[in-house]
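Take a look at the structure set out below.
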Amino acid sequence: MDEITLDLEKVCGNNIYTRADGQILYDRIDESLKRYSKVIVQFNEREIASESFLDEAIVEHYFRQTSSDVTNRIILRGVTKPDQMLLGTIFEYRKRLESKKAKKLAKKIKSSALTASGRS
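If you number the sequence shown the way our numbering does, the last residue is 261 and the count never jumps.
Below is the structure:
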C-alpha cells in the first residue's frame, strides 16, 4: 500500500498555534492525498491544544474534501488525549455549523423557488 508519514515536527517545527500554521500542514496533507492512498500524520505525543491549528490542519479536511473516504485515508498517530478530545469537540461543532448553513441555504432556495413561481 502506498502511504506517506508526515512528522508534525518536521512539517511545522514550533509553528503549531495559528490558522496560518495549520494551513501549512493542511497543504502538505492535501498534496499527499493526491499522491498516496494513506496519509499518516505523526504527532509524537506532542500536545497542540490550539483549536485554530487543529481545525485548520486536520478537521478542515473532513469538510472541504469532495471524497467521502478521506476519513479512511488520513490517519493520526501519537495524538495526546487532550488533543483527541479537542479534535472531537471541534469536529462536532463544525458538523453543527455545517448543518445550520445547509438548513439556511435550503430555506433560501425554497423561498426563491416560491417567489419565482408566483407563490410567496
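Positions of the beta carbon are idealized from the N, C-alpha and C atoms, including for glycine.
CA nearest to the CA of residue i, picked from the options
i, options, result
"L174", "T230, I145, G154, Q164", "I145"
"L147", "Y158, A161, I170", "I170"
"R205", "V182, F194, Y167", "Y167"
"V180", "E239, I231, L238, L149", "L149"
"E188", "K241, I157, I165, S253", "I157"
Integer-rounded CB distance, given that residue j should sit under 8 Å from residue i
i, j, result
"G163", "A198", "4 Å"
"P223", "A247", "Going by Cβ atoms, the distance from P223 to A247 rounds to 37 Å, so no, they are not a contact pair."
"G219", "E186", "5 Å"
Collapsed DSSP secondary structure at residue i in the structure displayed
i, result
"V211", "helix"
"R218", "strand"
"T230", "helix"
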